[in-house]
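For the sequence shown, the positions run 524 to 590 when my numbering is used. Just so it is clear, CB atoms sit at the ideal spot from N, CA and C, and this is done for glycine as well. What follows is a set of notes on a single structure, which appears directly below.
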Amino acid sequence: MKNRLKSLRAERGWSQVDLAERLEVSRQSVIAIETGRYDPSLPLAFKIAELFDLAIEEVFTSPSKES
Numbered sequence: 524m525k526n527r528l529k530s531l532r533a534e535r536g537w538s539q540v541d542l543a544e545r546l547e548v549s550r551q552s553v554i555a556i557e558t559g560r561y562d563p564s565l566p567l568a569f570k571i572a573e574l575f576d577l578a579i580e581e582v583f584t585s586p587s588k589e590s
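This is the structure we're talking about:
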């Protein structure tokens with residue numbers, strides 16, 4: 524699943540460590556989500572969206588809508 528996490532993080536000047544701390548996950552988890560190697564759980568996806576004050580659809584793109 525594609526996402527805008529890296530650009531959203533960069534807009535705020537946060538490092539991967541900063542974001543990981545805010546989400547209470549490891550830096551490796553942030554890296555894996557940003558690169559698309561790992562899809563977050565639904566609760567984590569909502570937590571990410573809420574952190575950026577966005578709807579979940581504004582952060583993550585459904586695989587069926589990627590084409």
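Please go through the same chain and pick out, in chain order, the residues whose beta-carbon is closer than 6 Å to the beta-carbon of residue 557, but skip the five residues on each side of it.
-> By one-based count along the sequence shown, residue 557 stands at place 34. Excluding sequence neighbours, residue 557 sits near 528, 529.
Taking C-alpha atoms, which residue in 560, 559, 547, 555 lies nearest to residue 566?
-> Walking along the sequence shown from the start, residue 566 turns up at place 43. The shortest Cα separation from residue 566 among 560, 559, 547, 555 belongs to 547.
In DSSP terms, what residue 584 is bridged to | As a position in the sequence shown, residue 584 is number 61, starting the count at 1. According to DSSP, which records beta bridges pairwise, residue 584 is partnered with 525.
Any Cβ of chain B within less than 8 Å of the Cβ of residue 540?
-> Among the protein chains of the structure shown there is no chain B, as only one such chain exists.
Could you give the C-beta distance for residue 569 and residue 579, rounded to a whole number, given that I count them as a contact under 8 Å?
-> Within the sequence shown, the letter at position 46 stands for residue 569. Within the sequence shown, the letter at position 56 stands for residue 579. Right, the Cβ-Cβ distance comes to about 6 Å (below 8 Å), so this counts as a contact.
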